[in-house]
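Notes follow the structure.
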Amino acid sequence: MGPDLARVLAGVLPVLMLIALGMVLRRFKVLDDSTVAGLKRLIVSVALPALLFTTFLNTKFAPEHGWVIAIVFGVCLGLLGLGYVFAKLTGGSTYAPFLFTGFELGMVGFALFTAVYGTGQLPALGVLALGHEVFIWFVFVSLLRAVAHTQQSWTRTLRELITSPVIIAILLGLALNAAGLSELVSSGPLGAAVQETLKYLAAVIVPLVLLIVGYGTKLSWPGVRAALPLVATRLAIVVPLSMALGVWVFSGLLGLPVIYQHALFTLMVLPPPYIVPLFMPAERAKDQTYANNVLSLYSLVSVVIFLTYVVLTA
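Just so you know, my numbering puts the end of the sequence shown at 421, numbered straight through with nothing missing.
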């Protein structure tokens, strides 16, 4: 076994083991729904903001990154349009378009990417995340609320955006970076202590998220059969699209390092946002079941595709 393959397997196998452990912990009732819900809040409110603040504080931005952000936003918008076409052709759920676009970066993407490529490469995924978050907050959530008949004003959407711990961490990291204060923030005993604390907090993301993914893998054959058309169709689009954009646009036209290809592939094979079922009214139980089946199947398949990609591109 060559050193490159051995290194990749050393990064891939722990991912599989942690997912399997999450399934085992569910089987033996070590984890339950309330515990997992608490872990998710810990990740989204504390660990993920710590990781993103550090990432954006140290990211070196270049003019071509503006194109990257615009491309990601455009891809998300295009997939939403295709989702409406898919729903019309199949006569599927009203919520199918929202399962056809968007990517679960917070709960899955950053953990997978970090587990294989390391925290030092996170700025590449962070740049892509900017375009994605703008789409999610200003387009995706607004349309999702409209379908659920819970429309709200742009001012409320903006307020939710700027009070989100994740967004605050991103904006604060970007602001300090733009002001040239990244080195100052990290200097001295206090700065070093803060940086080390943030590293400790960020370190819990990978194991916790993968345990949660394993815990959430609850599939039945009827559920798989209902979810498979959307999952297969979306993956058949995003996998070749991500590879084409990565090679021809990111590396070819923009001249970005190869890690941006890996970051784009990681982003685009991720499952739809886990927040979709949260916006569904209680009376839409059938839609909730469908969405949960899609998310469960997609999460499992996307991890397999991601790990296969990592091995093949070692």
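Even for Gly, the Cβ is constructed at its ideal location relative to N, Cα and C.
Starting from the C-beta of residue i, find all residues in its chain whose C-beta is less than 8 Å away, skip the five residues before and the five after it, and write them out in chain order.
i: Leu132; result: Leu138, Leu318, Gly321, Tyr322
i: Pro308; result: Residue identity check: residue 308 is Leu in the sequence provided, not Pro. So the list reads Val153, Ala154, Ala157, Leu158, once near-sequence residues are dropped.
Do you know offhand how far residue i's Cα is from residue j's?
i: Leu348; j: Pro272; result: 31 Å
i: Ile412; j: Gly295; result: 43 Å
i: Ala144; j: Asn400; result: 18 Å
i: Ala310; j: Met130; result: 21 Å
i: Phe372; j: Leu419; result: 13 Å
i: Gly118; j: His369; result: 15 Å
i: Val241; j: Ile274; result: 10 Å
i: Thr208; j: Leu164; result: 28 Å
i: Ser289; j: Leu283; result: 6 Å
i: Ser409; j: Pro378; result: 7 Å
i: Pro156; j: Leu196; result: 40 Å
i: Ala69; j: Phe205; result: No answer is possible for residue 69: the residues shown for the chain start at 108 and end at 421.
i: Val175; j: Leu237; result: 9 Å
i: Pro170; j: Ala351; result: 21 Å
i: Phe180; j: Leu186; result: 10 Å
i: Thr166; j: Ala285; result: 10 Å
i: Ile178; j: Phe135; result: 44 Å
i: Thr221; j: Gly213; result: 12 Å
i: Arg341; j: Leu120; result: 26 Å
i: Leu189; j: Leu128; result: 36 Å
Got a sec? Which residues, its chain only, sit under 7 Å from residue i by beta carbon, not counting five neighbours each side?
i: His172; result: Val234
i: Ala218; result: Ile312, Val313, Val316, Leu317
i: Val292; result: Leu164, Leu283, Gly298
i: Leu363; result: Glu171, Phe357
Among residues of its own chain, excluding the 5 on either side of residue i, which ones have a beta-carbon nearer than 6 Å to its beta-carbon?
i: Gln395; result: Pro384, Met387
i: Ile366; result: Gln228, Ala231
i: Trp244; result: Leu268
i: Thr161; result: Leu305
i: Val100; result: With the chain represented from 108 up to 421, any question about residue 100 goes unanswered, as that position is not in the structure.
i: Met375; result: Val345, Ser349
i: Ile126; result: Leu317, Val320, Gly321
i: Trp328; result: none
Between residue i and chain B, is any beta-carbon pair separated by less than 8 Å?
i: Val192; result: The chain labelled as chain B is not found in the depicted structure, where only one protein chain is given.
State the DSSP-derived secondary structure class of residue i, mapped to helix, strand or coil.
i: Asp140; result: helix
i: Ile319; result: helix
i: Lys167; result: coil
i: Ala218; result: helix
i: Glu211; result: coil
i: Arg252; result: helix
i: Gly135; result: Gly is not the amino acid found at residue 135; the sequence shown has Phe there. In the structure shown, Phe135 sits in coil (DSSP, three-state: anything other than H, G, I, E or B).
i: Gly198; result: coil
i: Gly118; result: helix
i: Leu184; result: helix
i: Ala389; result: coil
i: Ala286; result: coil
i: Pro380; result: coil
i: Gly91; result: The structure shown has nothing for residue 91, since the chain only spans 108 to 421.
i: Ser152; result: helix
i: Val192; result: helix
i: Thr324; result: coil
Would you kindly report the start and end of the unbroken alpha helix (DSSP H) that includes residue i?
i: Ser289; result: 289-293
i: Ser349; result: 328-351
i: Gln228; result: Per DSSP, Gln228 belongs to no alpha helix (DSSP H) and is neither H nor E.
i: Val401; result: 392-419
i: Ile366; result: 366-375
i: Pro204; result: 203-206
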